[in-house]
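Okay, structure first, notes after.
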Amino acid sequence: MGHIPVYGMEHTFLDEKTGLLYRNSRFRQTASIHTHTFYEFFIVAEGSALHLVNDSIQTITQGDLVFIRPKDTHSYQFYYSDDFRIINIGFSEQLLQNIRLFLDHTAMLRTLTESELPPCVRLDKSGREEISVRFEEIGALMDTPKIQKTVFYAKCCLADVFTRYFFSYDTEEIPTVSCPSWFQPMLNEMQKFDNLRIGFPKMIELSSCSSNHLCRVFKSVMSVTPTEYINSKRLEYSVYLLTQTSKEIIEISMLCGFSSLSHFYHLFKKKYQCPPSRFRKMNGNYIQDSSPKTTGTDL
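Under our numbering, residues 455 to 753 are what the sequence shown spells out, in order.
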């Protein structure tokens, strides 16, 4: 299927004096797929969305704190009923290097910067509110002439975010759910579009265990069956194709790996309370061709 098409680098830039960027953005339509020339943290202050990133799909919701690197290619696809708002702090490579020297945790930071998918943690209400306020304080300082104070405060805040939410110090901490070493790498791979289309056989291949054992482990860790998980991710991918392309619905069904169009319609209506064609009319963000497309019939 190939990679997500990239429309180019985002047309936003860091402040030349501070090496920072602040945005408090409320979205009502899909953001174009883009890359950055800088690092950024963003926290979901309100709503939820599908995060299209590095040939994978993630569901992000209120309280999610995400670390985006320059190598990441991403966009957001918003649920129709949600009021989606994120608060971003962008920062330069030089600022990250200063934080690296201050924290003296090169290995931990390398793990975060080199992982395939952007690191993401979910904060509780108090954590979400605290980080949102601190990001907003950085933004307010950027509107003042106090450059040194702004940069110093931003370094302190960003270093604190890394150490509190993204670094692991207690290696002897016992997880609440027993999770085999192969499980998370397998789950990461199953977020890729090509693997999602193959579905359960690919999951068995990646886990290198029997189907029965995989089902038992998956249910105990994720509280859903592998089939339920795969179908949910396929539906999220179908949302991207419905709203970002003019592909016919029958083709979208096949690209997502569904065995039949009727099964796709049934699952889509169950999750989104409307058929795919109506969802497309309400949320479509692609440029339509001059000739009409046959998109299927509401089942």
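Ideal placement from N, C-alpha and C gives every residue a C-beta, glycine not left out.
query                                                                                                                                                                  : result
How close, in whole Å, do the beta carbons of L506 and Y694 come, if the pair is a contact with beta carbons under 8 Å?                                                : 6 Å
Name the DSSP beta bridge partners of V507, please?                                                                                                                    : S510 and H528
Taking the alpha-carbon positions, what's the A561 to F521 distance?                                                                                                   : 16 Å
With H, G and I counted as helix, E and B as strand and the rest as coil, what does DSSP make of R588?                                                                 : helix
Rounded to whole angstroms, what's the CA-CA distance from H559 to Y493? Just pull it up for me.                                                                       : 17 Å
To which residues of the same chain is P680 closer than 7 Å at the C-beta, ignoring the five residues directly before and after it?                                    : F654, M657, L668, C669 and F672
Does the Cβ-Cβ distance between F495 and N552 come in under 9 Å?                                                                                                       : no
Please look up how many angstroms separate the CB atoms of D509 and F647, rounded, as I've assumed it's under 8 Å.                                                     : 6 Å
From which residue to which residue does the alpha helix (DSSP H) around D767 run?                                                                                     : For residue 767 there is no data in the structure shown, the boundaries of the chain being 455 and 753.
State yes or no: is the beta carbon of D526 nearer than 9 Å to at least one beta carbon in chain C?                                                                    : No chain C is part of this structure, which consists of one protein chain only.
Tell me the DSSP secondary structure of T697 in three-state form.                                                                                                      : helix
Do you know whose CA, among Q531, I704 and G593, lies nearest G544's CA?                                                                                               : G593
To the nearest angstrom, how far is the alpha carbon of Q698 from that of Q602?                                                                                        : 43 Å
Just to confirm my understanding: we take A608, look at its own chain, exclude 5 residues before and 5 after, and list those with CB closer than 6 Å. What are they?   : L474 and I592
What is the rounded straight-line gap between the Cα of E643 and the Cα of H717?                                                                                       : 25 Å
Could you give the distance in angstroms between the alpha-carbon of S479 and the alpha-carbon of S580?                                                                : 21 Å
Pick helix, strand or coil for E627, following the three-state DSSP scheme.                                                                                            : Because the pLDDT at E627 is just 47, under 50, the model does not fix this residue reliably, and the value given afterwards should be weighed accordingly. Coil at E627, not helix or strand.
Could you tell me the distance, in whole angstroms, from the CA atom of G501 to the CA atom of R618?                                                                   : 24 Å
Would you identify the three-state DSSP class for R564, choosing helix, strand or coil?                                                                                : helix
With which residues is C574 paired in a DSSP beta bridge?                                                                                                              : V520
For D578, count neighbouring C-beta atoms within 10 Å of its own C-beta (all shown protein chains included) and say buried if the count is 16 or more, exposed if not. : exposed
Under 7 Å Cβ to Cβ from L566, same chain only, skipping five residues before and after it: list those, please.                                                         : F521, P573 and F620
Please report how far the alpha carbon of Q638 lies from the alpha carbon of P599, in whole angstroms.                                                                 : 46 Å
Using only CA atoms, which one of L519, R582 and K701 lies nearest to R734?                                                                                            : K701
Just the C-alpha distance for L468 and F589, rounded to the nearest angstrom, thanks.                                                                                  : 15 Å
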